[in-house]
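Anchor point for the sequence shown: position 359 equals 413 in the working numbering, and the numbering is continuous, going up by one each time. Note that the Cβ used here is the ideal one computed from N, Cα and C, for glycine as well. These notes concern the structure reproduced below.
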Amino acid sequence: MEGKQSGSAEQKTVTELKAVSEEPYLEDKDAAAGGAEPAVAVDDVLSRPLGPTPSQSRFQVDLVTEGFGRPAEAAEKAGREVSMLGKSSEEAKGRFRVNFVDPSAGDETSGESGGGSSEGGNVSLQNGGDAMLNEGSLHSGGRHHHHHYYYDTHTSTYYLRTFGHNTMDAVPRIDHYRHTAADLGEKLIRPSLAELHDELDKEPFEEGYANREEGMPTGEAVATYIPDSKGIVKFGWIKGVLVRCMLNIWGVMLFIRLSWIVGQAGIGLSVVVIAVAAVVTTFTGLSTSAIATNGFVRGGGAYYLISRSLGPEFGGAIGLIFAFANAVAVAMYVVGFAETVVELLKENGTMMVDEMNDIRIIGTITVVLLLGISIAGMEWEAKAQIVLLVILILAIGDFVIGTFIPLDNKKPKGFFGYKAEIFMENFGPDFRNEETFFSVFAIFFPAATGILAGANISGDLADPQSAIPKGTLLAILITTLVYIGIAVSVGSCVVRDATGNINNTIITELTNCTTAACKLNYDFSSCQTGCQYGLMNNFQVMSMVSGFAPLISAGIFSATLSSALASFVSAPKIFQALCKDNIYPGFLMFAKGYGKNNEPLRGYLLTFLIALGFILIAELNIIAPIISNFFLASYALINFSVFHASLAKSPGWRPAFKYYNMWISLVGAILCCIVMFVINWWAALLTYVIVLGLYIYVTYKKPDVNWGSSTQALTYLNALQHSIRLSGVEDHVKNFRPQCLIMTGAPNSRPALLHLVHAFTKNVGLMICGHVHMGSQRQAVKERLSDLAKYQQWLIKNKMKAFYAPVHAEDLRDGGQYLMQAAGLGRMRPNTLVLGFKRNWRQADIRDVETYINLLHDAFDIQYGVVVIRLKEGLDISHLQGQEDEEDGKTPTQSLLKKGSKGPSSPLNLADQRLLDATTQFQKKQSKSNIDVWWLFDDGDAMFSDTVLNSGQNAGLTLLIPYLLTSKKKWKDCKIRVFIGGKINRIDRDRRAMATLLSKFRIDFSDIMVLGDINMKPKIENITAFEEMIEPFRLHEDDKEQEIADKMKESEPWRITDNELELHKTKMLL
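If you want it as structure tokens, here you go:
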């Protein structure tokens, strides 16, 4: 032992795990156990970062030689701080390092090894296993920037202190459980026990190298690097969610429409309107909170929440229209701001051109300023939002203070301060101009939207799981209370109609006063013909009531600009997340981000152009209800996502937010759909058509993503429930169908076999492709695991409705028995074995022939039907195939099977060309020809033979398969021709009897051929040919000694004895 450790008494080995991510943010902590010395991180990448070795394994066991303490002069020479690893040599004995290699980054890393350091350097976390990658930063990086990370668990002897010994096994870590797209964070692969055994079997510690080639850099070359996280802005729940949601909900409606709604609906129904809107948004907020706390939330807002819950189909549809709605909403808010400014210019007589063009000019200038703020960065945008919120709160406070200061000059305009008479008069509704409760609700509800403003920038939140629930629900509560408070206040202070004329004061007391104004000594009866003031007539009531009117105008500006700014930021963020997922390939260019915050500058420019286009139109009365319905469609799907996920009962659905209910979410989804029609029925229908169209498009394109959606979970649950329900039902002959186990081997090696069986099982019965792996168990297990995913994906891509079932066995017969006994589930089990004819049975090893024959006998013993398919040219094309292309799972031979293919680079011989031509014959439409059925013996299932013959519901497998074939489009022109055995003197009678039987089976046939000579004795030459054919298989025990004959019969039971030949002679020579 001392000899082996000569010169390396202070050596130690470290377990390092490599994980892949983008723009990591390292959160350094002290070691988990006391007494461990924290490692000092190295800031920059060393000149020779460690790359993956030439080993084919995805991890390596390496010796790492590190001194007791690295020389200080070496650290100074490198210009870096190096961790001082003060570990004793006794603690270091027997340690080794497991390097997990990202195969996809091999080329890139190799290039880095040869060319010095680069941006994608290596990272070493030397903290005893307690360091974590900040999840919020994993998705903030660019799409194509990958880094390698080392997870060092032995630097502070973590394993020694925890387990008492070193181990290659990985400790629990979040990276082992990540399963997301590459650009959002990589899953770290832990080693399997078999892989660890394989590595230890290689004796890796010879001459100081372990699974490495001589000359490869050792542990000193492991680069340690901490990425610069300066400049990355992450918001808390107040600035990131609460402020944004409040600003987006408190829109211009608060100042210029709420008083009119109170005048129309009265205080009571106004509160009901606000409450109903709050119920819808609260239900949606609860659902959003549930989804946001069920795992990590990344950028994309509503799109991310819906797509990861319901899948890319709904997510892609909603993501696109939601991003577009936010972009157009920018134009709506900016036009609202411009109209207010133009009104002020009109009052002061300072118009620039005319009203319409002034709106366009002011709107264009405003949207350019918003673009500048957005491009400046999220930090500047957040500061602007805070300023706008302060102005908005001051404006609301200005109104509240003004309600307590009723001035005499405001009384002619209908403002009298808080009066019980006004409250009682305004409590009930007074709908005018054909307005109704629903029309008033439709006008108010857009003011309650905006609850997703915080979720839309989820990628910029420090802790989205905590921030989104707290900020969203608190914003809904605060804004709802403010809406209700202002509605009650304005309804208690201002009458519905007022003239504004001070001469309408009543000097003498009237005894028959019926209105509140009359009781307050004002006569506004002339308002029946029309007035300019009061709740019903003046949209600027809050300005009139306030203590300082210009502050209300500032509040209107703040409300519109804050909503516009929030939408301006939300639209590009959502669109960028949608483009990153590549749901719509044409938009991939907008996925690129810039800067530390991964800002979607291209998305900002696109949003600017869309908003500018609608601002120049300056007429948004038609598009406004569509946008409101787009928002509501998103809310409806968020609610439905929670209901759907709860209904699917997936173990992965366990939100940290517990205050939700699946039925409340369902009610919320239904309410959103109802509100869509209440706001505008044709806009609701148009929204449904657009969502449905995008859903169909994404479904047709089938994006290659797997997000573990609730749709997948519910599909599994339904399949499980139906399978269990089906297993409790007894089989009936009327429902019999061929459920085939095909012995294909690799599915792509016998395509003709696969396509023929698929022709009669597609949408009718089960088809399982059996593949028996033979040889070393460990190697076969690895192949089986890799083939399972590869060939199942191959079947799907080739539109084969089949399952792939690999097994490991000593020989084909054992594998076939395993498959026939264990394949399937419940009633979904095979009942028919399908295999190809063994063409080379004369030349093949006799043991292989015996295995093949015994497999057929096993199938009959297990009560399987048996189908043997024979082509003159053969079935197996595996000798023509090259290596699998892992990207698309297709082989070079497959290109030969396509129409118009020019063939391989080297021409095939005639036999192979004929084989390829024969392989494709079942993929083509069959010409008008016959399917010959030689129904010589009854082949109905023995379990149902009496039922079959008596009821005529099934005609046996020999007739059922041709019938199923002719029911398919490619075989519909083929006719069934039946051959039966009979006698020459009763051919007509046998034909009529069979025709009657087939009519009972309801099977169409073109002809019935009776073989009258079937009972004639064979010719001498045929008998001779038969005897020559079986000669190699005979035992000839009479010509051998008894002992030798008995040994041969025991060792070769397949040999035909003379007694067996004599016993079956009558049958053979009939």
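- prompt: Going by DSSP, what residues sit across from His1143 in a beta bridge?
  reply: Residue 1143 lies beyond the range of the chain shown here (55 to 1124); nothing can be said about it.
- prompt: Among Ser1021, Lys288, Arg1046, Met797, which one has its Cα closest to the Cα of Glu653?
  reply: Lys288
- request: For Arg298, count neighbouring C-beta atoms within 10 Å of its own C-beta (all shown protein chains included) and say buried if the count is 16 or more, exposed if not.
  value: buried
query: Hey, Ala678 and Thr741 are a contact pair by Cβ (cut 8 Å); roughly how many whole angstroms apart?
result: Not quite, the Cβ-Cβ distance comes to about 13 Å (not below 8 Å), so this is no contact.
field: Residues that DSSP places opposite Ala552 in a beta bridge
entry: By DSSP's assignment, Ala552 forms a beta bridge with Tyr587.
- request: Would you grab the beta carbon distance between Leu795 and Leu873 for me? Rounded to a whole angstrom, and I think it's under 8 Å.
  value: 6 Å
field: Beta-carbon spacing of Asp412, Val389 below 9 Å
entry: For Asp412 and Val389, no; Cβs fall outside 9 Å.
query: Roughly how many angstroms lie between the CA atoms of Glu1085 and His1118, to the nearest whole one?
result: 15 Å
message: Less than 9 Å between the C-beta atoms of Trp717 and Ala767, yes or no?
response: no
message: With distance defined between alpha-carbon atoms, name the residue in Phe662, Tyr770, Ile1034 nearest to Leu701.
response: Nearest of Phe662, Tyr770, Ile1034 to Leu701, Cα basis: Tyr770.
- prompt: Thr974 to Met797, Cα distance in whole Å?
  reply: 19 Å
field: First through last residue of the beta strand (DSSP E) which encompasses Ile1038
entry: Where Ile1038 is concerned, there is no enclosing beta strand (DSSP E), given that its DSSP letter is neither H nor E.
message: How far does the beta strand (DSSP E) with Ile796 in it extend, from its first residue to its last?
response: In the DSSP assignment, Ile796 falls within the beta strand (DSSP E) that extends over 794 to 797.
- prompt: What are the residues that DSSP puts in a beta bridge with Phe685?
  reply: Answer by DSSP bridge pairing: none, since Phe685 is not bridged.
task: Look at the alpha carbon of Ser803 and the alpha carbon of Gln935, and state the distance between them as a whole number of angstroms.
output: 8 Å
message: With distance defined between alpha-carbon atoms, name the residue in Ser313, Thr1078, Ile1030 nearest to Ile1062.
response: Ile1030
field: Option in Leu842, Leu374, Leu301 with minimal Cα separation from Phe629
entry: Leu374
- request: Kindly identify the DSSP beta-bridge partner or partners of Lys1029.
  value: Asn984
- prompt: DSSP state of Val94, grouped into three classes?
  reply: Low confidence applies here, because Val94 scores a pLDDT of 38, under 50, leaving its location unreliable and the question unanswered by this model.
message: Using a 10 Å radius around the Cβ and a threshold of 16 neighbouring Cβ atoms, would you call Met406 buried or exposed?
response: exposed
- prompt: What are the boundary residues of the alpha helix (DSSP H) that Leu1127 is part of?
  reply: In this structure the chain extends from 55 to 1124, so residue 1127 is not present and cannot be described.
query: Is the beta carbon of Phe622 less than 9 Å from the beta carbon of Leu425?
result: yes
Which listed residue (Glu488, Ile505, Val494) has its alpha carbon closest to that of Val295: Ile505
- prompt: Helix, strand or coil: which one does DSSP assign to Gly870?
  reply: helix
message: So for Thr886, helix, strand or coil by DSSP?
response: strand
- request: Specify whether the segment 537 to 545 and the segment 310 to 320 touch according to this definition: at least 3 beta carbon pairs, one from each stretch, less than 8 Å apart.
  value: yes
field: Beta-carbon proximity check, Ile850 vs Val759, cutoff 9 Å
entry: No; because the gap between Cβ atoms is not below 9 Å, this pair is not in contact.
- prompt: Leu1065 lies in the beta strand (DSSP E); which residues open and close that run?
  reply: 1061 to 1065
- prompt: When the distance is taken between beta carbons, is Gly305 closer than 9 Å to Ser624?
  reply: no
message: Does Ile916 come out as helix, strand or coil in the three-state DSSP assignment?
response: coil
Per DSSP, cross-strand counterpart(s) of Val922: Leu889
task: Return the CA-CA distance between Ser781 and Met821, expressed in angstroms with no decimal places.
output: 18 Å
task: Measure the C-alpha to C-alpha separation of Ile1077 and Leu1115 and round it to an integer number of angstroms.
output: 13 Å
field: Reduced DSSP secondary structure (H/G/I, E/B, other) of Phe469
entry: strand
query: What is the C-beta distance between Leu866 and Leu909, in whole angstroms, given that I count them as a contact (C-beta under 8 Å)?
result: Contact holds; Cβ gap of about 7 Å.
query: So, using beta-carbon positions, are Ala379 and Leu605 closer together than 9 Å?
result: no
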